[in-house]
Amino acid sequence: MRLGRSKNSHGLVGLDIGSSSLKAVELKGKGGEYELANIALGPLNPNAVVDGAIVDAGSVAATIEKLYAENKLETANIATSVSGDSVIVKRIRVTAADEEELAMAVQQEALPHIRFDPAEATMTYYVLGPLPGGDALDVLLLAVKREKIESATGVLARASKVPMVVDIDAFAVQNAFEHSYEPPQDQVAALVNIGASMMNVHVTRGGLPLATRDVPVGGNHYTDILRQGLGLSFEEAEKVKVGMENPQVQPEAELTYLRSVSEHVVTEVRKSFEAYRQTSPDPIQVIYVSGGSARIPELPEMLSATFGIPVEVLDPFRKIHCDPAKFDPEYIASLSPRMTVAVGLALRSFDPS
Ligand SMILES: Nc1ncnc2c1ncn2[C@@H]1O[C@H](COP(=O)(O)OP(=O)(O)OP(=O)(O)O)[C@@H](O)[C@H]1O
Ligand SMILES: [Mg+2]
Numbered sequence: 001m002r003l004g005r006s007k008n009s010h011g012l013v014g015l016d017i018g019s020s021s022l023k024a025v026e027l028k029g030k031g032g033e034y035e036l037a038n039i040a041l042g043p044l045n046p047n048a049v050v051d052g053a054i055v056d057a058g059s060v061a062a063t064i065e066k067l068y069a070e071n072k073l074e075t076a077n078i079a080t081s082v083s084g085d086s087v088i089v090k091r092i093r094v095t096a097a098d099e100e101e102l103a104m105a106v107q108q109e110a111l112p113h114i115r116f117d118p119a120e121a122t123m124t125y126y127v128l129g130p131l132p133g134g135d136a137l138d139v140l141l142l143a144v145k146r147e148k149i150e151s152a153t154g155v156l157a158r159a160s161k162v163p164m165v166v167d168i169d170a171f172a173v174q175n176a177f178e179h180s181y182e183p184p185q186d187q188v189a190a191l192v193n194i195g196a197s198m199m200n201v202h203v204t205r206g207g208l209p210l211a212t213r214d215v216p217v218g219g220n221h222y223t224d225i226l227r228q229g230l231g232l233s234f235e236e237a238e239k240v241k242v243g244m245e246n247p248q249v250q251p252e253a254e255l256t257y258l259r260s261v262s263e264h265v266v267t268e269v270r271k272s273f274e275a276y277r278q279t280s281p282d283p284i285q286v287i288y289v290s291g292g293s294a295r296i297p298e299l300p301e302m303l304s305a306t307f308g309i310p311v312e313v314l315d316p317f318r319k320i321h322c323d324p325a326k327f328d329p330e331y332i333a334s335l336s337p338r339m340t341v342a343v344g345l346a347l348r349s350f351d352p353s
């Protein structure tokens, strides 16, 4: 599932423009067997991308070019994705006799869900199936502020790259998840992607997206509370958070601060699950956590204890061959949950066109 795609998108770099960093993945292979061809991560200036919005396009474009040069990336064609409050994913009920009526009905039903001027939205929809007991259809509506897509494609053009696919972060996560885990058709899974400033909570079953919610909470909140609570700079707090020792910091004090933010994260996940429950009675059976903040100590355990279901840290490289002669296995393992969106995007290279 994707928002836009040009013909012949084969040979793509999956480029995830996050608020903390750029992540790029290129794959090669055929017949469903994939191999890692290239992987790169480049930090962004803190004010270049804020809460998922590209604020300083020049700085992001320069970082893309630097990332390409330093990592010998050559493929200019790119699959990227967007997320945040200008992305709307909603399931709606629609009654229609034919395609034309369906398109009109979706437009009508969509209006109350779009929080920005509908004239500025790029909209698409997918029929998930008929609803029981009547002739209404279960439809997934997708609306993105056009400006958001233009901002992503604009920055790529500025870096002399060619945007071929513009996806949604949560759908890219779903793509990587399906490739890695080949989940059973009837399994309801929640994919919780926690980056630096944003969390995407996405419920999926049998390859279909069932509910998606983006929440402005992430790793920066953990860093901020350590900074304030322990009297550190942002950089020092960031180092402590990712596990570097600091003689001034008591590990127990650090954990207490981290837990308090995790409680907030858990509350937001619960709200997302409740929103999903309004649309479906089928319980969520498992949670996969991805994004850099999947590594926050005890977060998977807290989610598992709260919801009483298994929680796994998503490994997007589970079914991708990474030649140990080219890529240090420890480096790949350390990055793995953070590269989920980029892997999901890179897999678009192999979509049938
Ligand atoms: N080992 C670790 N333990 C805890 N947090 C970590 C670790 N490694 C990275 N992080 C945090 O993960 C975040 C970056 O994750 P990611 O790259 O997924 O975010 P992003 O895509 O840049 O941001 P967003 O999607 O929110 O715009 C940062 O807040 C970083 O501090
Ligand atoms: Mg991200």
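Per my numbering, numbering of the sequence shown is gapless, rising by one per residue and ending at 353. Glycine residues also receive a C-beta, built at the ideal position from the N, C-alpha and C atoms.
Using a Cβ-based criterion (distance less than 7 Å to any ligand heavy atom), does residue i qualify as near ligand 1?
i	result
Asn220	yes
Gly344	no
Leu23	This sequence places Lys at residue 23; Leu is not what is there. Correct: Lys23 has its Cβ closer than 7 Å to ligand 1.
Val385	As shown, the chain starts at 1 and ends at 353. That puts residue 385 outside it, with no answer to give.
Ile296	yes
Glu268	no
Val242	yes
Arg213	no
Arg93	no
Glu238	yes
Met198	yes
Thr80	no
Thr75	no
Ser272	no
Just to check, is the beta-carbon of residue i closer than 7 Å to a non-hydrogen atom of ligand 2?
i	result
Val341	yes
Asp169	yes
Gly291	yes
Gly195	yes
Give the DSSP-derived three-state secondary structure of residue i in the structure shown.
i	result
Pro46	coil
Val60	helix
Met244	coil
Val162	strand
Met104	helix
Glu150	helix
Asp98	coil
Lys358	In the structure as shown, the chain starts at 1 and stops at 353, and residue 358 therefore has no counterpart that could be examined.
Ser20	coil
Met198	coil
Val215	strand
Ala427	The requested residue 427 is not part of the displayed model; the chain covers only 1 to 353.
Leu27	strand
Ser83	coil
Ala170	helix
Ile284	coil
Val55	coil
Gly344	helix
Pro209	strand
Using C-beta distances below 6 Å, list every residue in its chain close to residue i, excluding the 5 sequence neighbours before and after it, in chain order.
i	result
Ile225	Tyr257, Val261
Gln187	Gln285
Arg5	Unreliable placement is indicated for Arg5, whose pLDDT of 48 sits below 50; no coordinate value is reported for it.
If I measure Cβ to Cβ from residue i and keep anything under 7 Å in the same chain, skipping five residues before and after, which residues do I get?
i	result
Lys271	none
Arg338	Lys23, Gly291, Gly292
Ser21	Leu41, Gly42, Pro43, Leu44
Val60	Ile17, Leu44, Ala48, Val49, Ile54, Val155
Quick check: the Cα distance between residue i and residue j, rounded to an integer number of angstroms?
i	j	result
Met199	Glu236	23 Å
Asn220	Ala196	5 Å
Glu178	Pro247	43 Å
Asn77	Gly154	14 Å
Phe116	Ile54	18 Å
Asp328	Gln185	34 Å
Leu111	Val240	46 Å
Glu74	Tyr68	7 Å
Gly32	Ser151	33 Å
Met1	Val89	With a pLDDT of 42 at Met1, under the threshold of 50, the predicted position of this residue should be treated as unreliable, though the coordinate-derived value follows. So the alpha carbons of these two residues sit roughly 12 Å apart.
Ser233	Arg227	6 Å
Tyr222	Ile194	11 Å
Lys66	Asp135	54 Å
Lys28	Ala333	19 Å
Pro216	Phe171	18 Å
Leu347	Thr63	23 Å
Arg295	Val192	12 Å
Exposed or buried, which one is residue i when buried takes at least 16 other CB atoms within 10 Å?
i	result
Thr340	buried
Glu408	It is not possible to answer for residue 408, since the shown part of the chain is limited to 1 through 353.
His202	buried
Glu238	buried
Thr267	exposed
Gln278	exposed
Lys145	buried
Val343	buried
Gln174	buried
Glu26	buried
Kindly examine ligand 4 and report whether one of its heavy atoms sits closer than 7 Å to the Cβ of residue i.
i	result
Asp16	Looking at this structure, you won't find ligand 4 anywhere; what it does contain is ligand 1 and ligand 2.
Considering only residues of the same chain and omitting the five flanking positions on each side of residue i, which have a CB-CB separation below 8 Å?
i	result
Gly58	Arg158
Val311	Val286, Ile287, Tyr288, Val289, Pro300, Glu301, Leu303, Ser304
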